[in-house]
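**Student:** These protein sequences, in sequence, are chains A and B. So for the first sequence, this note's numbering puts the first residue at 2; every next one is plus one. So for the second sequence, this note's numbering puts the first residue at 318; every next one is plus one. First the structure, which I've put down as structure tokens, then a few questions once you've had a look.
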Amino acid sequence: MKKYTFTEKKDTRSGFGAGLLEAGRNNPEVVALCADLVGSLKMEAFIKEFPERFFQIGIAEANMMGIAAGMTIGGKIPFTGTFANFSTGRVYDQIRQSIAYSDKNVKICASHAGLTLGEDGATHQILEDIGLMKMLPGMTVINPCDYNQTKAATIAIAEHHGPVYLRFGRPVVPIFTDADQKFEIGKAWMVNEGADVSIFATGHLVWEAIQAGEKLAELGIDAEIINIHTIKPLDAEAVLKSVAKTRCVVTAEEHNRLGGLGDSIAQLLAQNNPTPQEYVAVNDSFGESGKPAELMTKYGLDADHIVKAAQKVIARKG
Amino acid sequence: MTENELAQKSNQYRQRILKYIVGANAGHTGGSLSCIDILNVLYNYTLNVSPQNFSSPDRDRYIQSKGHCVEALFVVLADKGFFPEEDLNTLCKYQSHYIGHPTKKVKGVEQNTGALGHGLPISVGNALAAKMDEKDFRVFTLMGDGELPEGSNWEAALTAAHYKLDNLCAIIDKNSLQITGSTADVCNTDPIDEKFESFGWAVKHVDGHDLKALKEAFDSLPFEAGKPSLVIAHTVKGKGVSFMENQISWHHGVPSKEQYADALKELSEAL
Ligand SMILES: [Mg+2]
Chain A
2 MKKYTFTEKK DTRSGFGAGL LEAGRNNPEV VALCADLVGS LKMEAFIKEF PERFFQIGIA
62 EANMMGIAAG MTIGGKIPFT GTFANFSTGR VYDQIRQSIA YSDKNVKICA SHAGLTLGED
122 GATHQILEDI GLMKMLPGMT VINPCDYNQT KAATIAIAEH HGPVYLRFGR PVVPIFTDAD
182 QKFEIGKAWM VNEGADVSIF ATGHLVWEAI QAGEKLAELG IDAEIINIHT IKPLDAEAVL
242 KSVAKTRCVV TAEEHNRLGG LGDSIAQLLA QNNPTPQEYV AVNDSFGESG KPAELMTKYG
302 LDADHIVKAA QKVIARKG
Chain B
318 MTENELAQKS NQYRQRILKY IVGANAGHTG GSLSCIDILN VLYNYTLNVS PQNFSSPDRD
378 RYIQSKGHCV EALFVVLADK GFFPEEDLNT LCKYQSHYIG HPTKKVKGVE QNTGALGHGL
438 PISVGNALAA KMDEKDFRVF TLMGDGELPE GSNWEAALTA AHYKLDNLCA IIDKNSLQIT
498 GSTADVCNTD PIDEKFESFG WAVKHVDGHD LKALKEAFDS LPFEAGKPSL VIAHTVKGKG
558 VSFMENQISW HHGVPSKEQY ADALKELSEA L
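In structure tokens:
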């Protein structure tokens, strides 16, 4: 098992904030809109440097999505910022018709996704957003795993033409990817090569998968860990190549087991190489209040659950 | 174009709206007839939009929020030369771009619309972008009175005033009817003027079938410097065909052969 260490923890939303500033410096067409969550989305640095390119919309998310769609005229690249819940479910029709169906170059940037939002509880802990967004034709869906990857992804989506959903989170998490990485949309990242089981993880679950990989190594299990930061378009080649070798799969995501990364992988495999698969995901339920780590354990999303899922799926290989 | 020529256009447009709705055996008859005079004045008098300048970033923008009245938009765009009118024989047919709601696949259409309450927020975005780029073009959006209860409209109304978007003009096709009945019965939005004024807009009422009054209203934009403008166009659903006027059954009723003939006769006689 390749060794991953970290010296610092930071929230992925801060990676977004840093990336937005960089994207703004790279391209004067980048503009930002926010629905009264500037601090939560870490947009202050962008606003400070480019006050004339920032638009406070207030708590009116449907309006914000429509305005973002409208602002694309003349080549502007609007980045919207609010919580994941209000970036998707609340404004689905706006995104569907005025952004996705209209092929608008809008970047929907969503913080506080999933259970790790913590104390605010179920109303704000959206676990359905990946599914909602990946079902929209033409929508790119990205869920990076740490500060550096989120920053790099934010810079990359500004250079990509088309609607993008960028999902990130609230809590501080280990920084274990390279600071100077080049983010390639749709290209999975090989975290660790292994032979016994393929663990496909996204977002905060990548670090958990690495912890699980170390525990599995102690048990004599050689896990392949792949970071699927881009859920759509899915890197089918990387998934199929890995599965051809390991012949069993664990998917890990901070999302409902219905409609998330696991289902994308299962669909690909069902058509190309039917393979035993275990899901590490929320079992079709809403969340609740608590500390991120407490909730991740209760809802079965931590390293220990990935270890158990790996053991179980290896046994199913036959 | 003289007043008389404009009036003739309105009449011809009405005949064509009915022709293509009959051909498609689908469409939104009453609303298309209620808003056609507004579209006539916009495209033949007010807007700086033509097939020749449609790729110019400086053109005026028109976004039809009440996308279901696409027939009115299509006959006007065809008349302006954006595409051959005979294309509309494929309206709502399999494999045609001329579908039941505006799509950018049709030349001259600025924005895909259909689900209601989208046009105003998008227009606010257009107007904000224009201000940012210090462009002089104006943004127009046509809304139905039935779509006013959509909350996104009121969100956008706030933003338009907040950012002082006096390059934005919203028009309400106030025919006082919607699919279920009268707007007053379904969800009363009156008084619309006071509501928008309190949101920071400058508002004018106009007879939405009086071409001269429409011209004058659009000539006087912005109604107040630093404020978005609202034109409340008082219209009659089904206008121009007596048996369709003010009848909700014509919201998306399609005329029979006989009804179509009667309607054409009435419109021709009015010419
Ligand atoms: Mg109406």
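In this text, a Cβ means the ideal position worked out from N, Cα and C, and glycines have one as well. The model shown is predicted, which means the values in this text are computed figures rather than measured ones.
1. Out of A:L220, A:W190, A:N27, which one is the CA nearest neighbour of I226 of chain A?
2. So, helix, strand or coil for D524 of chain B, using DSSP?
3. Considering Cα atoms alone, identify which of A:I211, A:E295, A:K242, A:L296 is closest to M2 of chain A.
4. Can you name the start and end residues of the alpha helix (DSSP H) that R333 of chain B belongs to?
5. When the Cβ atoms of the region 193 to 210 of chain A are set against those of the region 241 to 254 of chain A, are three or more pairs found closer than 8 Å?
6. Within 6 Å: the Cβ of L350 of chain B and any heavy atom of ligand 1?
7. Spell out a yes or no on whether the region 267 to 279 of chain A and the region 170 to 180 of chain A are touching, meaning 3 or more CB-CB pairs, one atom from each, closer than 8 Å.
8. Looking at ligand 1, does it come within less than 6 Å of G498 of chain B, judged from the CB to the closest heavy atom?
9. Going along the chain, which residues of the region 554 to 572 of chain B sit with their C-beta nearer than 9 Å to a C-beta in chain A?
10. Alpha carbons only, please: which of A:Q278, A:T203, A:D147, A:R258 is nearest the one belonging to T8 of chain A?
11. Who are the neighbours of N429 of chain B on chain A, taking C-beta pairs under 8 Å?
12. Please report how far the alpha carbon of A70 of chain A lies from the alpha carbon of D303 of chain A, in whole angstroms.
13. Determine whether the Cβ of D94 of chain A lies closer than 7 Å to any Cβ atom of chain B.
14. If distances are taken between C-alpha atoms only, which option among A:V173, A:N27, A:N228, A:A311 comes closest to N193 of chain A?
15. Residue range of the beta strand (DSSP E) that R378 of chain B falls in?
16. Suppose you measure from the CA of F375 of chain B to the CA of L485 of chain B; what does that come to, to the nearest Å?
17. If contacts are defined as beta-carbon pairs under 8 Å, then S290 of chain A and E120 of chain A qualify, I think. What distance do you get, rounded to the angstrom?
18. Mind listing the chain A neighbours of I439 of chain B? Cutoff is C-beta to C-beta under 8 Å, in chain order.
19. State buried or exposed for Q95 of chain A, treating a residue as buried only when at least 16 other CB atoms are found within 10 Å of its CB.
20. Nearest to I496 of chain B by alpha carbon, out of B:T319, B:S349, B:H568, B:A477?
21. Look up Q428 of chain B in the DSSP assignment and say whether it is helix, strand or coil.
22. Step through the CB atoms of chain A and report whether any lies within less than 7 Å of the CB of S469 of chain B.
23. What in chain A is Cβ-close to D450 of chain B, meaning under 7 Å?
24. In chain order, what residues of the same chain lie with their CB nearer than 6 Å to the CB of A63 of chain A, ignoring the 5 residues before and after it?
25. Starting from V441 of chain B, trace the alpha helix (DSSP H) in both directions and tell me its first and last residue.
26. Between the Cα of R168 of chain A and the Cα atoms of A:A101, A:H113, A:H161, A:K216, which residue gives the shortest distance?
27. Can a CB atom of chain A be found closer than 7 Å to the CB of G425 of chain B?
28. I need the boundaries of the alpha helix (DSSP H) containing L465 of chain B, first residue and last residue.
29. With a threshold of 8 Å on Cβ separation, who are the neighbours of H125 of chain A within its own chain once the five nearest residues in sequence on each side are excluded?
30. Tell me whether K183 of chain A is buried or exposed, calling it buried when 16 or more other Cβ atoms sit within 10 Å of its Cβ.
31. N274 of chain A versus chain B: which residues are under 9 Å apart at the beta carbon?
32. Where does R317 of chain A land, buried or exposed, given buried means 16+ other C-beta within 10 angstroms?
33. For G442 of chain B, return the contacting residues in chain A, with the cut-off set at a CB-CB distance below 7 Å.
34. Please name the residue, chosen from A:V31, A:K152, A:E279, A:L262, that lies closest to G76 of chain A on a Cα-to-Cα basis.
35. Does the distance between the C-beta of Q495 of chain B and the nearest non-hydrogen atom of ligand 1 fall short of 6 Å?
36. Could you have a look at C35 of chain A and say whether DSSP puts it in helix, strand or coil?
**Tutor:** Well, looking at it:
1. Considering only alpha carbons, the answer is A:W190.
2. Three-state DSSP puts D524 of chain B in a strand.
3. A:I211
4. First-last of the alpha helix (DSSP H) with R333 of chain B: 320 to 341.
5. Yes, the region 193 to 210 of chain A is in contact with the region 241 to 254 of chain A.
6. no
7. no
8. no
9. none
10. A:D147
11. Q98, S99, Y102, S103
12. Going from the Cα of A70 of chain A to the Cα of D303 of chain A covers about 38 Å.
13. yes
14. A:N228
15. Its beta strand (DSSP E) spans residues 378 to 381.
16. In the sequence as displayed, the identity of residue 375 of chain B is Asp instead of Phe. Those two C-alpha atoms are separated by around 14 Å.
17. 5 Å
18. Near I439 of chain B (Cβ distances below 8 Å), the residues of chain A are G67, I68, A70, G71, S99.
19. buried
20. B:H568
21. Coil at Q428 of chain B, not helix or strand.
22. yes
23. G75
24. V92, Q95
25. In the DSSP annotation of this structure, the continuous segment of the alpha helix (DSSP H) that includes V441 of chain B starts and ends at 436 to 449.
26. Considering only alpha carbons, the answer is A:H113.
27. Taking a beta-carbon distance threshold of 7 Å, G425 of chain B does not count as an interface residue toward chain A.
28. L465 of chain B: not part of any alpha helix (DSSP H); DSSP gives it neither H nor E.
29. F84, N86, H113, L118
30. exposed
31. Those do not exist, as N274 of chain A stays about 36 Å from chain B at its closest Cβ, beyond 9 Å.
32. exposed
33. G67, I68, A69, A70, G71, M72
34. A:V31
35. At least one heavy atom of ligand 1 is nearer than 6 Å to the Cβ of Q495 of chain B, so yes.
36. strand
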